[in-house]
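K.L.:
Residue numbers (the working numbering): 1 to 158.
Beta carbons are placed, not taken as given, at the ideal position from N, Cα and C, and that holds for glycine.
Everything numeric in this text was worked out from a predicted model, so none of it was measured.
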Amino acid sequence: LFRSGSHAEKVIPICRFFDLDKLVRERSNTPVSQLLPRIRNDAFLGLCQREVDDLLQSWNGGIAIIAVGAGALQSVNAGSWLSQHPGPTIVVFAPPDEVYRRGGDRNKNRNLDQFTATEYSQHRQSLYRTAKYKCDVTGLSVEEARIRFVEIIRSLLC
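Right, here's the structure in full:
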């Protein structure tokens, strides 16, 4: 999503992309990789909720694309938070082995089975199924995935 969201921001003037992990890191002055193990998923989701609330209260229109990080999604309360969100949700997906390979160095501390157990868990799949829009990037290049994501964003403007 990071490449697709930042690309949408560049090609659609009324879009702005926000990385929720980055917002939490900036406010807490702590890398998410250090913060999350200390406070756990539910508290991390609480921080994410506050960031999104603050962001949307100060938002002056247009489309805010918010990448929700894995820590927030691991919370048992993530589903109710996402379902209460007023905007449309989009899940960008591909098969586990493809996403793992694309992740490169981000996955250096876990093998494919560990990655799949977390990223494709039943809990996560239930969250992904609730997304109103699905962006299947299976087999696509980075550029093709960006184009597909932007097409979905543009469809929201009609």
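Name the residue from 107, 33, 82 and 98 whose alpha carbon lies nearest to the alpha carbon of residue 160.
P.N.:
This structure leaves residue 160 out entirely; the chain is present only between 1 and 158.
K.L.:
For residue 11, which residues of its own chain have a beta-carbon under 8 Å away from its beta-carbon, when the five flanking residues on both sides are left out?
P.N.:
As a working note, residue 11 is residue 11 in the sequence shown. These residues qualify, in order along the chain: 150.
K.L.:
Straight-line CA distance for residue 54 to residue 71?
P.N.:
Position 54 of the sequence shown holds residue 54. Position 71 of the sequence shown holds residue 71. Between residue 54 and residue 71, the C-alpha separation is close to 19 Å.
K.L.:
Given 8 Å as the limit, is there contact between the region 88-98 and the region 109-116, that is, 3 or more CB pairs closer than that?
P.N.:
Contact between the region 88-98 and the region 109-116 is present, because at least three Cβ pairs lie under 8 Å.
K.L.:
How big is the Cα-Cα spacing for residue 210 and residue 78?
P.N.:
Outside the displayed range of the chain (1 to 158) lies residue 210, so it cannot be described from this structure.
K.L.:
Starting from residue 64, trace the beta strand (DSSP E) in both directions and tell me its first and last residue.
P.N.:
Taking the sequence shown and counting its residues from 1, one reaches residue 64 at position 64. Residues 63-67.
K.L.:
Using the beta-carbon count (16 or more within 10 Å), is residue 73 buried or exposed?
P.N.:
The sequence position of residue 73 within the sequence shown is 73, counting from 1. Burial call: buried.
K.L.:
Residue 67: which of 60, 88 and 57 sits nearest, CA to CA?
P.N.:
The sequence position of residue 67 within the sequence shown is 67, counting from 1. Closest option to residue 67, Cα to Cα, is 88.
K.L.:
Name, in chain order, the residues that DSSP records as bridge partners for residue 135.
P.N.:
Taking the sequence shown and counting its residues from 1, one reaches residue 135 at position 135. In the DSSP output, where bridge partners are listed per residue, residue 135 has 92.
K.L.:
Given the structure, does residue 108 come close to the ligand GTP, in the sense that its CB is under 7 Å from one of the ligand's heavy atoms?
P.N.:
As far as ligands go, the structure on display features none, and thus does not contain the ligand GTP.
K.L.:
Going by the beta-carbon positions, is the gap between residue 91 and residue 158 smaller than 8 Å?
P.N.:
Position 91 of the sequence shown holds residue 91. Position 158 of the sequence shown holds residue 158. Not in contact: residue 91 and residue 158 (Cβ atoms no closer than 8 Å).
K.L.:
Enumerated in chain order, which unbroken segments of the beta strand (DSSP E) with a length of 3 residues or greater are wholly contained in the region 33-85?
P.N.:
As far as the region 33-85 is concerned, its whole beta strand (DSSP E) runs of at least 3 residues are 63-67.
K.L.:
Assuming the contact rule is C-beta atoms closer than 8 Å, residue 18 and residue 6 should be a hit. Round their C-beta distance to whole Å, please.
P.N.:
By one-based count along the sequence shown, residue 18 stands at place 18. By one-based count along the sequence shown, residue 6 stands at place 6. That pair is no contact at about 10 Å.
K.L.:
Assuming the contact rule is C-beta atoms closer than 8 Å, residue 27 and residue 9 should be a hit. Round their C-beta distance to whole Å, please.
P.N.:
The sequence position of residue 27 within the sequence shown is 27, counting from 1. The sequence position of residue 9 within the sequence shown is 9, counting from 1. Contact flag wrong, Cβ pair sits at about 21 Å.
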